[in-house]
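The opening residue of the sequence shown carries number 102 in this note's numbering; numbering runs sequentially from there.
The beta carbon of each residue, even a glycine, is placed where N, CA and C say it ideally should be.
Data block below; observations after.
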Amino acid sequence: MPSHTLSHRFSVIRQLGKGTFGKVFLVTDAVSGATRALKRTQKWRKKESREVLCLEIGKESPNLISAEEVFYSYTPSGFMVQNILMENAGYTLHRYVASHLALRQKDQTHNIEASTAISIAKQVCNGLFALHRRAVAHRDLKPENVLIKDYGGQILARICDFGSSKTLTNQGCPSMPYICSRWYRAPELLLGSTNYTVAVDLWSLGCVLAELILLRPLLECEPHNQKHGMQEQKPIRCLGEPFQILKISELLGAPTRVDTESLCTGCPERAKALASSIFKQMVGLAPLPLHDLLLSVIGIEGKPLVDVVCQLLRWNPRERIPVKTILDGHYLD
């Protein structure tokens with residue numbers, strides 16, 4: 102695609118976000134006069150990026166963000182930059198949840214309405230299914246990567262930011278485990294597995310959907326008074342992956358031998374040894390009654406969502422309910 106002189110075409114209004122590999126700006130397009138989001142990422146190789154390929158999949162689903170245009174430009178020092186022009190699709194789910202948390206601080210009984218939370222959950226499942234049917238894992242699903250647009254009370258949810266996405270069909274090709282924000286990272290990734298599946302997204306999905314209920318991260322690994330329906334307990338201050346595993350164990354209890362074997366598939370030997378050491382300390386550790394705790398917050402109308410969350414948050418990747426099953430089984434209808 103042709104290179105563009107950005108300053109002639111776009112006027113930057115403000116920066117919308119910043120990640121490890123790029124920045125997103127709110128811009129005015131002089132060609133169309135419209136306000137758009139422009140993501141700029143330095144490009145190291147000439148072949149089309151995974152993110153662009155996933156944005157093409159986005160054209161097949163209303164619950165994935167898609168690109169209006171992809172083009173390339175150059176910095177003054179000659180480095181190539183990939184530019185992705187997209188619709189300015191509202192605000193993030195993180196911001197949406199935070200706004201409801203602010204309301205809860207004024208009224209302890211405030212929740213996102215169960216019907217709204219279920220609708221958002223179903224839409225995120227729809228978007229994720231469009232990726233998973235092609236064996237593509239998003240690998241960084243979190244509230245910051247779900248966009249919300251409110252059409253007079255009708256909310257549209259779309260998954261965005263495919264910068265970490267990858268097709269996981271090549272069984273002989275190892276994949277990097279250090280992906281996904283830690284509070285939403287699946288336990289097999291925390292243990293260093295390089296041979297994982299799209300089930301890593303299912304774990305992240307469970308964490309995101311639980312956050313719709315709790316209005317805070319389920320597995321936030323920092324000092325935090327456990328409120329809003331979760332029982333008071335002394336939290337663990339996390340300094341790395343082993344402590345995040347301990348945080349998960351507080352919630353799910355000790356993994357079984359079968360769970361451990363499944364989690365450690367593709368892990369380096371030192372990670373397996375570490376896992377064995379950690380899990381031995383957990384023997385007999387009972388899980389929290391997650392279903393009852395979440396239900397006590399959202400109420401009986403939210404039971405379908407609570408049921409799905411509890412079937413996603415499983416130690417064993419093979420036991421996490423696939424999004425196709427959620428959709429085909431009308432779990433969220």
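Identity of the residues DSSP links to residue i by a beta bridge
{"i": "Asn212", "result": "Partner(s): none; Asn212 has no beta bridge."}
{"i": "Ala258", "result": "Ile249"}
{"i": "Asp130", "result": "Phe111"}
{"i": "Gln116", "result": "Phe126"}
{"i": "Ser174", "result": "Val182"}
{"i": "Val237", "result": "Thr268"}
{"i": "Tyr279", "result": "BP columns for Tyr279 are empty, so no partner."}
{"i": "Tyr192", "result": "Ile249"}
{"i": "Met187", "result": "Ala138 and Ala168"}
Contact check, residue i vs residue j, beta carbons under 7 Å
{"i": "Phe230", "j": "Cys155", "result": "no"}
{"i": "Pro418", "j": "Ala300", "result": "yes"}
{"i": "Trp77", "j": "Pro356", "result": "With the chain covering 102 to 434 only, the question about residue 77 has no answer from this structure."}
{"i": "His233", "j": "Val424", "result": "yes"}
{"i": "Ile421", "j": "Leu413", "result": "Correcting the residue identity first, residue 421 is Arg in this sequence and not Ile. In contact: Arg421 and Leu413 (Cβ atoms closer than 7 Å)."}
{"i": "Thr136", "j": "Gly123", "result": "no"}
{"i": "Ala168", "j": "Met187", "result": "yes"}
{"i": "Thr295", "j": "Ser276", "result": "yes"}
{"i": "Ala190", "j": "Lys140", "result": "no"}
{"i": "Leu352", "j": "Leu389", "result": "yes"}
{"i": "Leu165", "j": "Arg259", "result": "yes"}
{"i": "Glu215", "j": "Ile399", "result": "Contrary to the premise, residue 215 reads as Ala rather than Glu in this sequence. Yes, Cβ-Cβ distance for Ala215 and Ile399 is below 7 Å."}
{"i": "Leu269", "j": "Thr298", "result": "yes"}
Residue i - DSSP class collapsed to helix/strand/coil
{"i": "Thr361", "result": "helix"}
{"i": "Gly264", "result": "coil"}
{"i": "Asn227", "result": "helix"}
{"i": "Val301", "result": "helix"}
{"i": "Thr217", "result": "helix"}
{"i": "Leu139", "result": "strand"}
{"i": "Tyr285", "result": "helix"}
{"i": "Arg415", "result": "coil"}
{"i": "Leu353", "result": "helix"}
{"i": "Glu321", "result": "coil"}
{"i": "Leu165", "result": "strand"}
Presumed contact (8 Å Cβ cut-off) between residue i and residue j, rounded CB distance
{"i": "Tyr285", "j": "Cys261", "result": "Contact doesn't hold; Cβ gap of about 15 Å is too wide."}
{"i": "Thr193", "j": "Pro244", "result": "6 Å"}
Residue-level contact to chain E via CB, residue i, 7 Å cutoff
{"i": "Asn417", "result": "Absent here is chain E; the protein component of the structure consists of one chain."}
- Query: Counting Cβ pairs closer than 8 Å, one from the region 189-198 and one from the region 304-319, do we hit at least three?
  - Reply: yes
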